[in-house]
Amino acid sequence: MHDFVFPAVTLPESAKLLRHQVREFLQKERDAGTFTPRKNSWSDGDAEFSRKCGQAGYIGMIWPKKYGGQDRTSLDRYVMTEEMLAGGAPVGAHWVADRQSGNQILRHGSERARQLILPQIAAGECFFAIGMSEPDSGSDLAAVRTKAVKAEGGWKISGTKVWTSSAHRAHYLIALVRTAAKEDDRHAGMTQFIVDLKSPGLKLSPILNIYGAHDWNEVVFDECFVPDDMVIGEVGGGWNMVTGELAFERSGPDRFLSTYQLFLASMAQLGDKPDARAVNEIGRFVAHLTTLRRMSTSVAGMLTKGEKPILEAALVKDIGTAFEREIPEIFRQLVPSEPLMDDESSDFEALLGMSVLKAPGFTIRGGTREILRGMIAKGLGLR
Amino acid sequence: MSDIRDDLEKTVDRICEAHCLKEVFMSSEAGVWPQALWQALEEVGLPQACLTEAQGGSGLSFEDALFVLKRSAYHAAPVPLAETFLAGRLLSAAGLKVPEGVLSVSVSHAQDNLVLLGSENNATLSGHAHRVPWGLSCDHLAVVAHRDGQQFVALVTRDALAHSASETVKNLAGEPRVQFDFDKTPIIAFAPLADAQERLLTEGALMRSVQMAGALQRSLAYSLQYANDRVQFGRPIGKFQAVQHMLAILAGHVAATAAAADAAIEVSADAPEPFSIAVAKSRSGEAAGKGAEIAHQVHGAMGFTREHNLHHLTRRLWAWRDEFGNETHWQTRIGEMALAQGPDKLWPFLTSL
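The listed protein sequences derive, respectively, from chains A and B. Counting from 0, one number per residue, gives the positions in the first sequence under numbering that gives the first Met the number 0. Counting from 0, one number per residue, gives the positions in the second sequence under numbering that gives the first Met the number 0.
Now the structure itself:
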């Protein structure tokens, strides 16, 4: 049977130094009034803040210098991201580009795509959206019907993507598209394209979310042209790219820190000497958080060594997202309050209210909890 | 896994597979000391694994010694290996010589009130010690006793214990827990140790966390095996999504417990580190209850019988989560530590560990 081992990670000196630099950076920005710590920072975007992150070298840190990166280690990036998230910084605008799109382009993109796009991402001036879901394809990703047909010098894409976060604010979208008809192997014939969101043949319409905000979009492609050098990797090799490598992006601190600001705000509301039950719950959450950090940093360490901890990474996401969902449920009972729907205020009742409203997304985004648990079961050796 | 770990795992597996048999569990619960099992462990020096070579140990690292304990719990071995480790560590910390053989400890039970009387050559012990694990099976018992507001570690022999036992009860695993009523009972050694009680409680919590990690790991292994083998409605029950999802949740608890226990072990070789042990004990205690529930649900009626071995693990999980402080005890401590930092300094505190 699989033996779960999460070895300790010794952070390099560079990461320790970086931790303090990021803290000072955030302190300076908070003092300057650039942002107030918010409740769910990686879905909260601020293009101006992203540009400052780019200037400070906090985007694309692990990429080579020739593409605008810093040539730093994954552990350095880990420390930077957890500091940003714990500090409630509005990193949402560049998050997707930094976490996954840029990495995919670096590994599998054409040289032109790398040179054109990566330096812009690293500068904090270029944002990405992810085009996977469709009206009839959510958890069942292989059911995508949006298709690309070969054309002179590129491809023409037609179809519809939905629930596409930030597409109206992003510069590019990475779309998973069918480039060959579905065969016996339903995972074959899928390809990823980098689509310039200013291209002709694209129509975006807002899809308002449950709290009435415009974050998601419907993106309709009507023979939208994408040049050959904006194909990511092999034509037909999209499935493995999406399911294989993204498996390792499941276990970061963004999977358990989404409601950390609410936890801190709850502590502040409860004061120095809360009742026994509140002390107990605070302790329980610190115990869970500490354990999740251990697991998450350990997976980061294993990845740095070239290991493939697929099962461990999936488990971090499963228990991490359950943890961040539980925080509003517990602390609403400890701090008597009536939550408000207000995404601008940092008052406790607004933080609580928006956490309650955003929480359902935590166990859906990036693959539902149920799909994840099915994968874990398979990884455990259930036949 | 390192070569040493690999060897240790094979050794513990070999001994436990030979000796942790159905009849051994049954007779052990009936009060018969599992001599052959202990002797096999003694022959390879494992009860001394937690001691340094100078103290009479085998020179294993603390991490490796606790790996032995985890693996013995994987087999639900019905012997006081954790207690022997604890007593050895407590005596050593007080600068006392560690005797050979089976050892146990008083557990800092809330109602314990042991006092040290007399002086150098005729020191004695009075008061009550509750729920002492394997109290009548050990060759020596290490206790924490008080005198004039000072804490001491004292050593009591098997003969003296036999005269002082008042009641033996069983924990949920069927392991003996003995009450001792000492009345000027002679002791053979004692020494002051300022934080003896806290050290014992914290280190005991670490041992139980590690044991829970081992027992949870085996509970998952049994559950996976059963889910693949048991056929209902024409297919293995592991094919059903409901069962798969339960097992995925169980795996999360197993993984989190292993991670939390390892984190605590790494920083506790010299002395128990309170924060990480509090995290480990509260996290593993929570996992024990939730994990055992799932393991039983997967096993259905079969797991509720004595025909299957699952109960040896789950009954231990239910016992261990309450010994040396339950989740509330340790969560409260963590909560107090977090509140002492306050919301502004909590994150720097957590990342400095």
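Virtual Cβ for every residue (Gly too), placed ideally from N, Cα, C. Since this is a predicted model, take the numbers as computed values, not measurements.
Closest by CA to S165/A, which one among G378/A, W94/A, A267/A?
Nearest C-alpha to S165/A: W94/A.
Leaving out five residues on either side along the sequence, give the residues of the same chain with a beta carbon under 6 Å from the beta carbon of C223/A.
Answer for C223/A: I156, S198, G200, L201, listed in chain order.
Below 8 Å, can you find three or more Cβ-Cβ pairs linking the region 307-316 of chain A to the region 261-269 of chain A?
Contact fails: fewer than three Cβ-Cβ distances are below 8 Å.
Quick one: is Q332/A buried, meaning 16 or more other Cβ sit within 10 Å of its Cβ, or exposed?
It is exposed - the Cβ of Q332/A has fewer than 16 other Cβ atoms within 10 Å.
I'd like the span of the beta strand (DSSP E) that includes S340/A, first residue to last.
Checking the sequence shown, residue 340/A turns out to be Met, not Ser. Where M340/A is concerned, there is no enclosing beta strand (DSSP E), given that its DSSP letter is neither H nor E.
Consult DSSP for H145/B and reduce its assignment to one of helix, strand or coil.
Strand at H145/B.
I want to verify the contact list: residues of chain B whose CB lies under 8 Å from the CB of E311/A, in sequence order.
What E311/A touches in chain B: A254.
Is it buried or exposed, G130/A, if we count other Cβ atoms within 10 angstroms and call 16 or more buried?
It counts as buried.
Given that a residue counts as buried once 16 or more other Cβ atoms are within 10 Å of its Cβ, and exposed if not, what is Q149/B?
Exposed is the call here.
Starting from W329/B, trace the alpha helix (DSSP H) both ways and give me its first and last residue.
Unbroken alpha helix (DSSP H) run through W329/B: 326-351.
Quick one: list the residues of chain B neighbouring I375/A, beta-carbon separation under 7 Å, in chain order.
A247, A250, listed in chain order.
So, does the CB of F3/A fall closer than 8 Å to a CB anywhere in chain B?
So yes, F3/A belongs to the interface.
For H244/B, which three-state DSSP category applies?
H244/B: helix per DSSP, three-state reduction.
Any C-beta of chain B within less than 9 Å: which residues of the region 278-306 of chain A qualify?
Taking 9 Å as the Cβ-Cβ cut-off against chain B, the residues of the region 278-306 of chain A that qualify are V278, N279, E280, I281, G282, R283, F284, V285, A286, H287, L288, T289, T290, L291, R292, R293, M294, S297.
Name, going along the chain, the residues of the region 103-119 of chain B whose beta-carbon falls closer than 8 Å to a beta-carbon of chain A.
Cβ contacts with chain A come from no residue of the region 103-119 of chain B.
Residues of chain B with a CB under 7 Å from the CB of A383/A: which are they?
As shown, chain A starts at 0 and ends at 382. That puts residue 383/A outside it, with no answer to give.
Which word fits T35/A, buried or exposed, when buried means at least 16 other C-beta atoms lie within 10 angstroms of its C-beta?
So T35/A ends up on the exposed side.
Would you call the region 196-212 of chain B and the region 223-233 of chain B touching, i.e. three or more CB-CB distances under 8 Å?
Contact between the region 196-212 of chain B and the region 223-233 of chain B is absent, because fewer than three Cβ pairs lie under 8 Å.
For Q330/B, count the other beta carbons within 10 Å of its own beta carbon; 16 or more makes it buried, fewer makes it exposed. Which is it?
So Q330/B counts as buried.
Please list, in chain order, all residues of the same chain as R332/B whose beta carbon is under 6 Å from its beta carbon, the five residues on each side excluded.
Only A277 meet the Cβ criterion.
Tell me which residues of the region 249-273 of chain A have at least one Cβ-Cβ distance to chain C shorter than 7 Å, keeping chain order.
As a matter of chain content, chain C is missing from the structure shown, whose protein chains are A and B.
Output needed in chain order: residues of the region 0-29 of chain A with a Cβ under 9 Å from some Cβ in chain B.
Residues passing the 9 Å Cβ filter: M0, H1, D2, F3, V4, F5, P6, A7, R18, R22.
Tell me which same chain residues have a C-beta within less than 8 Å of the C-beta of E182/A, skipping the five on either side of it?
Answer for E182/A: G188, listed in chain order.
Within 10 angstroms of its Cβ, does S297/A collect 16 or more other Cβ (buried), or is it exposed?
Buried.
Tell me C223/A's beta-bridge partners as DSSP assigns them.
The partner list for C223/A (beta bridge, DSSP) reads I156/A.
At a Cβ threshold of 8 Å, is H244/B touching chain A?
Closer than 8 Å to some Cβ of chain A, the Cβ of H244/B qualifies, so yes.
Among the residues of its own chain, which have a CB less than 7 Å from the CB of S336/A, if the five just before and after it don't count?
Excluding positions up to five away in sequence, the list reads F347, E348, L351.
Any beta carbon from chain A within less than 8 Å of S281/B's own beta carbon?
It does; some Cβ of chain A falls within 8 Å.
Out of S100/A, G123/A, G235/A, state which residue places its alpha-carbon closest to the alpha-carbon of A112/A.
It is S100/A whose Cα lies nearest to the Cα of A112/A.
For L80/B, collect the residues of the same chain with a Cβ closer than 8 Å to its Cβ; drop the 5 residues on either side in sequence, then sort them by chain order.
For L80/B, where only same-chain residues beyond five positions count, the Cβ hits under 8 Å are L40, L45, P46, V67, L68, S71.
Is N112/B buried or exposed, if buried means 16 or more other CB atoms sit within 10 Å of its CB?
By the 10 Å Cβ count, N112/B comes out exposed.
Does R332/B get closer than 8 Å to chain A when you measure Cβ to Cβ?
Chain A, which has a Cβ nearer than 8 Å to the Cβ of R332/B, makes this yes.
Give every residue of the same chain whose Cβ lies closer than 7 Å to the Cβ of V234/A, excluding the five residues on either side of it in the sequence, and list them in chain order.
Once the five neighbours on either side are set aside, the close Cβ partners of V234/A are T178, T190.
When every heavy atom of the ligand MG is checked, does at least one fall within less than 7 Å of the C-beta of K202/A?
The ligand MG is absent from the structure shown, which contains no ligand whatsoever.
Shorter than 8 Å from the beta carbon of I318/A to some beta carbon of chain B?
It does; some Cβ of chain B falls within 8 Å.
Going along the region 193-225 of chain A in order, which residues come within less than 9 Å of chain B, judged by CB to CB distance?
Within the region 193-225 of chain A, no residue has a Cβ that lies closer than 9 Å to any Cβ of chain B.
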